[in-house]
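Scroll down for the structure; my scribbles are underneath it.
Number of protein chains: 4
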Amino acid sequence: MPVRTVVWGENIHEQTNEDVRALYPEGMHGAIAAALAEDGNIQVSVATLQDAEHGLSEERLAATDVLTWWGHRAHGDVSDEVVARVQRRVWEGMGLIVLHSGHYSKIFRLLMGTPCSLKWREAGERERLWVVNRGHPIARGLGDYVELPNTEMYGEPFAVPEPMETVFISWYEGGEVFRSGMTFQRGAGRIFYLSPGHETYPIYHNPEMQQILRNAVNWAYNPMPGWSSITQAPNVPIEQAREKLVQKGARLHADGEEGFR
Amino acid sequence: MPVRTVVWGENIHEQTNEDVRALYPEGMHGAIAAALAEDGNIQVSVATLQDAEHGLSEERLAATDVLTWWGHRAHGDVSDEVVARVQRRVWEGMGLIVLHSGHYSKIFRLLMGTPCSLKWREAGERERLWVVNRGHPIARGLGDYVELPNTEMYGEPFAVPEPMETVFISWYEGGEVFRSGMTFQRGAGRIFYLSPGHETYPIYHNPEMQQILRNAVNWAYNPMPGWSSITQAPNVPIEQAREKLVQKGARLHADGEEGFR
Amino acid sequence: MPVRTVVWGENIHEQTNEDVRALYPEGMHGAIAAALAEDGNIQVSVATLQDAEHGLSEERLAATDVLTWWGHRAHGDVSDEVVARVQRRVWEGMGLIVLHSGHYSKIFRLLMGTPCSLKWREAGERERLWVVNRGHPIARGLGDYVELPNTEMYGEPFAVPEPMETVFISWYEGGEVFRSGMTFQRGAGRIFYLSPGHETYPIYHNPEMQQILRNAVNWAYNPMPGWSSITQAPNVPIEQAREKLVQKGARLHADGEEGFR
Amino acid sequence: MPVRTVVWGENIHEQTNEDVRALYPEGMHGAIAAALAEDGNIQVSVATLQDAEHGLSEERLAATDVLTWWGHRAHGDVSDEVVARVQRRVWEGMGLIVLHSGHYSKIFRLLMGTPCSLKWREAGERERLWVVNRGHPIARGLGDYVELPNTEMYGEPFAVPEPMETVFISWYEGGEVFRSGMTFQRGAGRIFYLSPGHETYPIYHNPEMQQILRNAVNWAYNPMPGWSSITQAPNVPIEQAREKLVQKGARLHADGEEGFR
């Protein structure tokens, strides 16, 4: 079964900034999609902010196994309705790969429940991602580290919850560190945050970064049927209890009533 | 230093339901506050939905170390502005104790990033909370378990993220189980969810439940200065880098510019 | 690539106890192996305490992807040398499924670093495993719960570290609860503990328990090359540092010396 | 209640190496003890490898709330019996602060269940510990980072289980990173690993490192009565079950028999 993957791109700086366009003539989403397509098991398509419903209709999301998210300057332009839709699909089991400045996207902040703030510096300095969790599927095929000659610095503290797993930690030339690869789970959905990816550097052309992207999509894929009932809070009637019960005490609810929400 | 604690109550069923009023003539918040006040280290006051700003003004929250939250039928009536204010204070370091039906409160769902759904049954059945993490401060002074003769059943799966710690797990007469005491952290704020507390039973009059409430408030108290900068994402100028840097590569931002949000 | 799986059995009660022999004429390991073999992706063989080196030679372990472990009355008879060998393979990436009374095996206690104690009662009571983490691969194909008409009770507190994930929690007729399915990771090796499996009941003949066993083996399989260097602590000579360094300060070690262990 | 703290030191290099003796004329344990004693709430004493029973008799450990551990070249000389004793006290609730080369001590490896290996380089390079978890009690009173002009590099991957919390991450001049402050729990005992502390540099004379040591001791202190039953696996007789039970099915054990271990 192929992993049906949608690469979402904000697609603004590629249109408005010469440097970014020169690096990513097909858009950053185009470069990411091309990298994923090298994995025969990944079936990839793209969606952008400018598409109707940002390219993330109910129907399309229902047929999406993993979504990757790159946004930067227009987080506020993403419709709350679409974000709620994406969040629900993550809860049901869709994987989500959040890239770089996506740390401040609505969807990532909603799933984390924290500010997702960090320090930053755009000096084109060197970054070295160390593999902390060597046995993790997302580190498959890598050596001890991945080196990027030019990067935007993202520095700690990164205001996210304690992760399920820390996969990468980055060293920066200017003296900072960052947990550059972390996993989380929300409902049945696996989430991976990967920090490198500033648009003025050719980071998504780096073969090792491309390998990480492919690994992450395969890791985030949950082949189980979607947990579609996750937003329901069903009453279990007394006569359906697994052990025999006799009603006791006062009640708020009459038989068959729904709970409050 | 006393732990400045605000007990927040929805205060509706105490006014509208005879059974609840009879059990909690001072309101559920009144019973919880009285239980906390038995700890000389806890300085307690109450706030309710009906108060101006629900009793949770900026000033009051700024002077609050721990907030307890009980709500059930009117989650939707809590102002989004006040919820955002509470969330920010949790990030800064305010402790939060979420009680029973508060699992569906706006504040809990926002902090968890998940639906927080569960199964339920109002049959007045027996519940037994087993202490799973015996060395945890929230279990201080308890025996192997706490038994409640009448309870509302809350059943798994409880759609929250994997907790930092599981403190209690409940057994129900009708055959279900529930992770009835769990800890989380968001920013500098510690969060404890405690499931028993249905309004038609005298659960907050139970001495062991009262002990748990006091333990939880003391555990959630973070004596450090509030992390007021947690929502900021500061630029670190190149000349302030801890290691000497030379600007390299293309840039999006001019010196001194703010980042995108 | 098939998952090369070794089913390890203590194989004592099957020889000495009529009830157990009647239930498991091919041994408990035989029943477990047969259940795993129904998955075309699992290539299964068995090993027992009585075999030379308990059937776990260096060569065989090197060619093993996942090991399942059932032991009860003879934990002390397992050679420390073989246990150290198994532990090392887990660190390198071999999956380990620890079953029932294996909670007290040498290998599980060494990997956990805790006593792994619990409460128990052999009354043939009813057990119901609730699926707490519905989206987890180990819960694949299950409904809301699995019911066992007769079981040995294992009760909390279960003295293990906080798990990576809690997959199942059990309800018992006699009033206890237990975290009956939990995941851990040690080095590159994934570990799953599954509590039901008392030898006087036909638990491994239960189709849903068999499904869990197959799911667990597939989940524990780490397809990456073994992390064979995990027990080494290499010196990084100054001239091989990724950033240019000049020796400063006093040293204990001369160039090329090994570290202390 | 004062926190009764024992500072354990290997006390070899202070006797045999001129540089170390010059830096730590009272021993490294002496410097650590002096730093702790500045906190009026900490009651401190020292113990060394050379003392009878390494200074860790049953009686003394029973009266110890927190133990700090520094060892390097003589891990193998620590008696297994004493190590088992310390491990048991940690399970019962004694806090343990493991320092620097103590990563390879018997006690730390036993509690982690992993090799605890890492990379290292003794070049006197600069280290900067970044505070990743700003609201954590162990970071109390610190700024954004702590800078050490000379350190031994400890590099990832550090083969420990995923921690409960990552408090500090270190940046090194030579290009590596390390999770330099991590918390764990085993039984009722809290464990903190802190990596800086090489004996040829004045690291324990650094005021901020001393603050971290005091913070860590206060954090690791568990005021609850020791969980002395943690190594027991009690049978719960059928007639003492909380819910009424009738014996069903076959049994291995006669009434009152102990379980296998």
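Protein chains in written order, with this note's numbering: chain A, 1 to 261; chain B, 1001 to 1261; chain C, 2001 to 2261; chain D, 3001 to 3261.
Idealized CB from N, CA, C, for every residue including glycine.
- Your pair residue 1214 of chain B and residue 1038 of chain B checks out as a contact, with CB atoms roughly 7 Å apart and the cut at 8 Å.
- Between residue 1067 of chain B and residue 1120 of chain B, the C-beta spacing is not below 8 Å.
- Boundaries of the beta strand (DSSP E) harbouring residue 2095 of chain C: 2095-2099, taken from the DSSP string.
- Residue contact check for residue 89 of chain A against chain B: no CB pair falls below 8 Å.
- A Cβ-Cβ contact shorter than 8 Å links residue 188 of chain A with residue 224 of chain A.
- Contacts with chain B at 8 Å (Cβ-Cβ) do not include residue 11 of chain A.
- By the Cβ criterion, the stretch 3097-3106 of chain D is in contact with the stretch 3059-3078 of chain D, since at least three pairs of Cβ atoms, one from each stretch, lie closer than 8 Å.
- For residue 1227 of chain B, there is no enclosing alpha helix (DSSP H), since its DSSP letter is neither H nor E.
- Against chain A, the CB of residue 1221 of chain B has no partner CB under 8 Å away; the residue lies outside that interface.
- Assignment of residue 3104 of chain D by DSSP, reduced to helix, strand and coil, places it in the helix class.
- By the C-beta density criterion, residue 2205 of chain C is exposed, having fewer than 16 other C-beta atoms within 10 angstroms.
- The C-beta distance from residue 3178 of chain D to residue 3138 of chain D rounds to 16 Å, too long to meet the 8 Å contact threshold.
- Identification of residues in the stretch 107-129 of chain A having a C-beta nearer than 8 Å to some C-beta of chain B yields 110, 111, 112, 113, 114, 115, 117, 118, 119, 120, 121, 122, 123, 124, 125, given in sequence order.
- Counting C-beta pairs with one atom in each stretch, the stretch 3253-3260 of chain D and the stretch 2136-2150 of chain C have fewer than three that are closer than 8 Å, which means they do not touch.
- In the DSSP assignment, residue 150 of chain A falls within the beta strand (DSSP E) that extends over 145-155.
- Taking residue 145 of chain A as the centre and dropping the five residues before and after it, the same chain places the C-beta of 128, 129, 130, 131 closer than 7 Å to its C-beta, in chain order.
- Within the stretch 148-169 of chain A, 155, 156, 157, 158, 159, 162, 163, 164, 165, 166, 169 place their CB atoms closer than 9 Å to a CB of chain D, listed in sequence order.
- Cβ-Cβ distances below 6 Å link residue 3182 of chain D to 3163, 3166, 3193 in the same chain, with the five nearest sequence neighbours on each side left out; the list follows chain order.
- The three-state reading of DSSP puts residue 3182 of chain D in strand, counting E and B together.
- Residue 3117 of chain D and residue 3250 of chain D have their C-alpha atoms some 47 Å from each other.
- Between residue 2176 of chain C and residue 2153 of chain C, the C-beta gap is smaller than 8 Å, which places the two residues in contact.
- Per DSSP, reduced to three states, the secondary structure at residue 1240 of chain B is helical.
- Chain-ordered, the chain A residues with CB closer than 7 Å to the CB of residue 2093 of chain C read 135.
- Contact with chain C is found for residue 224 of chain A, since one of that chain's Cβ atoms lies less than 8 Å from the residue's Cβ.
- The beta-carbon distance between residue 3003 of chain D and residue 3080 of chain D, rounded to whole angstroms, is 28 Å. This is too long to meet the 8 Å contact definition.
- A straight line joining the alpha-carbon of residue 2013 of chain C with that of residue 2133 of chain C spans about 34 Å.
- Taking 8 Å as the threshold, the shortest C-beta distance from residue 1177 of chain B to chain C falls below it.
- Judged by DSSP secondary structure, residue 3125 of chain D falls within the beta strand (DSSP E) whose first and last residues are 3119-3131.
- Nearest to residue 2036 of chain C by alpha-carbon distance, out of C:2237, C:2218, C:2092, is C:2218.
- Within chain B, the residues whose beta carbon sits less than 8 Å from that of residue 2131 of chain C are 1156, 1157, listed in sequence order.
- In this structure residue 1094 of chain B is not in contact with residue 1160 of chain B, their Cβ atoms being roughly 20 Å apart against a cut-off of 8 Å.
- Listed in chain order, the non-local C-beta contacts of residue 28 of chain A below 7 Å within the same chain comprise 9, 14, 70, 199, 204, local neighbours out to five positions each way being set aside.
- Linking residue 2172 of chain C to residue 1124 of chain B through their CA atoms gives a straight-line distance of about 19 Å.
- Using beta-carbon distances, residue 3069 of chain D does not count as an interface residue toward chain A, since no partner is under 8 Å.
- In this model, residue 2107 of chain C and residue 2115 of chain C are separated by some 12 Å (Cα to Cα).
- Collapsing the DSSP output to three states places residue 43 of chain A in a strand.
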